[in-house]
Every structure is written in structure tokens, then in C-alpha cells.
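Reading through the C-alpha cells given below for one structure.
Numbering (the numbering used here), first residue to last: 12 to 86.
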């Protein structure tokens, strides 16, 4: 396998990881939203808000990974 093939394989792997991560983030957000709508307990609602905030942080990391992957594929 040439260096170029290896680099392409790594980019495909990174692209798949970012894609899978985004899928998980989407599912987490959906579960949090469903739980929040059915929850009446204030403490649990606050915990769900915390999960949503951390999910937003994961989303930012995923976007940064995608940017890095795109930058590396250009070079």
C-alpha cells in the first residue's frame, strides 16, 4: 500500500468516526428531549440540561474534527 493509499484510508476512517460521533450526538439529543418532556422532577430536569450542555460541547468537538479532516484532505 502506498503512502497516498494509507493517507486516504486514514481520512476515510476519520470521516467515519466523525459521522458516527454525529449520529450518537443526534441520538443523545433525542433521548434528552424525550426525557425532558416527560420529566416533572426539577432535579432530574437540571441533570438533563447538564447532559444537553455537554452534548453541545461534543458537537463543537465533532465540528472541529471535521474541519481538521477537511484541512488534511486538501493538503
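All residues carry an ideal CB built from backbone N, CA and C; glycine is no exception. This one's a predicted model, so the numbers in the text were calculated from it and none came from an experiment.
Where residue i falls, given that 16 or more other Cβ within 10 Å makes a residue buried
i: residue 59; result: buried
i: residue 30; result: exposed
Simplified DSSP state of residue i, which is helix, strand or coil
i: residue 65; result: helix
i: residue 23; result: helix
i: residue 40; result: helix
i: residue 31; result: helix
i: residue 47; result: helix
i: residue 52; result: coil
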